[in-house]
Amino acid sequence: MIRAVKGTRDILPPDSAAWNHLESVARRVFRSYRYGEIRTPILEETQLFARGVGQETDIVTKEMYTFDDRDGTSLTLRPEATASVIRAYLEHRLDQRPGVQKLYYLGPMFRRERPQKGRYRQFYQIGAEAIGSESPAVDAEVIEMVIDLLRQAGLQGFTLLLNSVGCPVCRPRYIQELRRELDKVSEQMCLDCQRRALTNPLRVLDCKVEADQPIIDRLPSILDHLCETCRTHFALVRRYLEERDIAYELRPRLVRGLDYYMRTTFEVVHGALGAQNSVLGGGRYDGLAESLGSRIPAPGIGFSIGEDRLVMALEGAWSDPLDVFIAPLGEAAAGQAARLARPLRERGFSVETGSEARLKRALELANKLGARFALIVGDDEIASERYTLKNMQSGEQAALPLDAIIERLKT
RNA sequence: GUGGGUGUAGCUCAGCUGGUAGAGCGCUGGAUUGUGGUUCCAGUGGCCGAGGGUUCGAACCCCUCCACCCACCCCA
Numbered sequence: 292m293i294r295a296v297k298g299t300r301d302i303l304p305p306d307s308a309a310w311n312h313l314e315s316v317a318r319r320v321f322r323s324y325r326y327g328e329i330r331t332p333i334l335e336e337t338q339l340f341a342r343g344v345g346q347e348t349d350i351v352t353k354e355m356y357t358f359d360d361r362d363g364t365s366l367t368l369r370p371e372a373t374a375s376v377i378r379a380y381l382e383h384r385l386d387q388r389p390g391v392q393k394l395y396y397l398g399p400m401f402r403r404e405r406p407q408k409g410r411y412r413q414f415y416q417i418g419a420e421a422i423g424s425e426s427p428a429v430d431a432e433v434i435e436m437v438i439d440l441l442r443q444a445g446l447q448g449f450t451l452l453l454n455s456v457g458c459p460v461c462r463p464r465y466i467q468e469l470r471r472e473l474d475k476v477s478e479q480m481c482l483d484c485q486r487r488a489l490t491n492p493l494r495v496l497d498c499k500v501e502a503d504q505p506i507i508d509r510l511p512s513i514l515d516h517l518c519e520t521c522r523t524h525f526a527l528v529r530r531y532l533e534e535r536d537i538a539y540e541l542r543p544r545l546v547r548g549l550d551y552y553m554r555t556t557f558e559v560v561h562g563a564l565g566a567q568n569s570v571l572g573g574g575r576y577d578g579l580a581e582s583l584g585s586r587i588p589a590p591g592i593g594f595s596i597g598e599d600r601l602v603m604a605l606e607g608a609w610s611d612p613l614d615v616f617i618a619p620l621g622e623a624a625a626g627q628a629a630r631l632a633r634p635l636r637e638r639g640f641s642v643e644t645g646s647e648a649r650l651k652r653a654l655e656l657a658n659k660l661g662a663r664f665a666l667i668v669g670d671d672e673i674a675s676e677r678y679t680l681k682n683m684q685s686g687e688q689a690a691l692p693l694d695a696i697i698e699r700l701k702t
């Protein structure tokens, strides 16, 4: 048998209802902050990600689905969306439009990693970007919005982690300092850290090995090495968040894996997600446009939610119950059942019409389908134009005209 | 890419020291007339992940693959 390819999966009903619910909450929240949807291609030129995400990142070096098009152009299935959004912003000169450009997106991303809990090769992200301003007030609103979204989606027990990773002025100085300190202590650390100390010292801060923690705690903190501009920016972001009553944990050790992040970075974590406890990640990326070769600046901040993980973290399956199961008795009744179904559907009720020969079978099926009501349409009903509406939970039933049925369904 | 775990019915699993498979749930039908859920009865369903080996005989032991899951790396 042909199966779904590794790391991809089918999302079937009733599970898909939870996804739809989450997506409609997200759209509603985005709209309330006046973000508009952007739909970018899933396929982009490889260069976009190589330069945007960062030549040295894991994503670019080993996780991209890349292939040559027939004309030889190298194409890649998008591993994330921010680079595409910035590309579109520049391509369509959105910088010429008034105000901050506020865009949201949702859809599949692709990374060729070993799948595990909360990690797929095709996974879904819901994200947003606010482009065209360096103001810390924008940072605060973006974070406020995503927290709002999580709340409205019904997520409980999550933690917002906040940090600043500096800018091209202060980060290199910090990394230099970090390297100096690591030279002294790295041999006491785990093998991974010894490797990281040489290749990517910032990653050492992320190490989860228990024995390394005291050592890491004594390493210099980026927050003590921010330049003046970054320091005031971060102070303001924090103040604005506090003014909005948004609780966060300061995590000077929070490092993001994509090269383009600068200044504000944040992440939301949730227990019960396994090793992949991050529900969302985001940050500011003021230099991204330039690294794509643009002369037009596009300073911005954004986030992206791991939809697969958020769905996993949301407890209780979202169900979409069947309102009415119509059980026609006999061939004459089938036509009448269809005539009754239409006005009910027009009013937004979900309706299924059965075709069971015996009422017993029809009710059995209505029960299995989880119908709230069954509507029995037989000869008596057709003659009197009063149809038997049965409440499947209580078992109560009554013969009612159509308008009364509609009223009853609303309960 | 590296480790660990697991592969038996649609699903969740049992199968003792090797004698060619079971349960629960589900699904289908029955307990007669236009009343479901509970109950009872019957039925459906499996090249025991694949290939090879040992053996009179393998779901079970050995080898090799493959798939899925979890973890590392890294990230959503």
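Going by this note's numbering, the first residue of the first sequence is number 292, and it counts up by one from there.
Here a beta-carbon is modelled for each residue, glycine too, at the ideal position from N, C-alpha and C.
Predicted, not measured: the structure shown is a model, and the values here were computed from it.
My guess is that residue i and residue j are in contact by the Cβ rule of under 8 Å, so how many angstroms apart are they, rounded?
i, j, result
"ARG600", "VAL570", "5 Å"
"ILE596", "GLN467", "With a Cβ gap of about 34 Å, ILE596 and GLN467 do not count as contacting."
"ALA421", "TYR396", "That belief does not hold up - the Cβ atoms of ALA421 and TYR396 are roughly 13 Å apart, past 8 Å."
"PHE640", "VAL615", "6 Å"
"ILE513", "VAL495", "With 8 Å as the limit, ILE513 and VAL495 do not qualify as a contact, their Cβ atoms being about 12 Å apart."
"ASP577", "GLU425", "6 Å"
"ARG699", "LEU691", "7 Å"
"GLY298", "GLN443", "About 30 Å; that fails the 8 Å criterion."
From the options, pick the residue whose C-alpha is nearest to that of residue i; which is it?
i, options, result
"ARG535", "LEU680, GLU432, PHE525 and MET480", "GLU432"
"LEU650", "PRO389, TYR380, ALA444 and ASP670", "ASP670"
"ARG322", "GLN346, ARG410 and ASP439", "ASP439"
"ASP515", "PRO492, ARG464 and VAL500", "ARG464"
"GLY418", "LEU656, HIS561, ARG470 and PRO399", "PRO399"
"ARG663", "PRO634, ASP611, SER646 and GLU676", "ASP611"
"ARG330", "GLY363, VAL316 and ALA379", "ALA379"
"PRO403", "ASP301, ASP349, ALA309 and ILE333", "A quick correction: the sequence has Arg, not Pro, at residue 403. Comparing Cα positions, the closest option is ASP349."
"ASP550", "ALA341, ARG319, ARG405 and GLU672", "ALA341"
"VAL437", "SER477, LYS499 and ILE537", "ILE537"
"MET683", "LEU613, GLU647 and ARG636", "LEU613"
Residue i and residue j: beta carbons closer than 9 Å?
i, j, result
"GLU472", "LEU510", "yes"
"LEU452", "GLU533", "no"
"ILE377", "LEU583", "yes"
"ASN454", "VAL546", "yes"
"ALA589", "LEU339", "no"
"ILE617", "ALA604", "no"
"PRO492", "LEU469", "yes"
"LYS408", "GLN567", "yes"
"THR337", "SER375", "no"
"ALA665", "ALA674", "no"
"ASP430", "VAL528", "yes"
"PRO305", "TRP609", "yes"
"ALA625", "PRO634", "no"
"TYR678", "ILE697", "no"
"TYR326", "LEU394", "yes"
Exposed or buried, what is residue i when buried is set at 16 or more other beta-carbons lying within 10 Å of its beta-carbon?
i, result
"PHE401", "buried"
"ARG369", "buried"
"LEU654", "buried"
"VAL519", "The amino acid at residue 519 is misidentified as Val; the sequence shows Glu. Exposed is the call here."
"PHE358", "exposed"
"ALA628", "buried"
"LEU680", "buried"
"ARG575", "buried"
"GLY423", "buried"
"MET355", "buried"
"ARG294", "exposed"
Are the region 512-524 and the region 456-466 in contact at 8 Å, needing three or more beta carbon pairs?
In the pairwise beta carbon analysis, the region 512-524 is classified as touching the region 456-466: at least three pairs are separated by under 8 Å.
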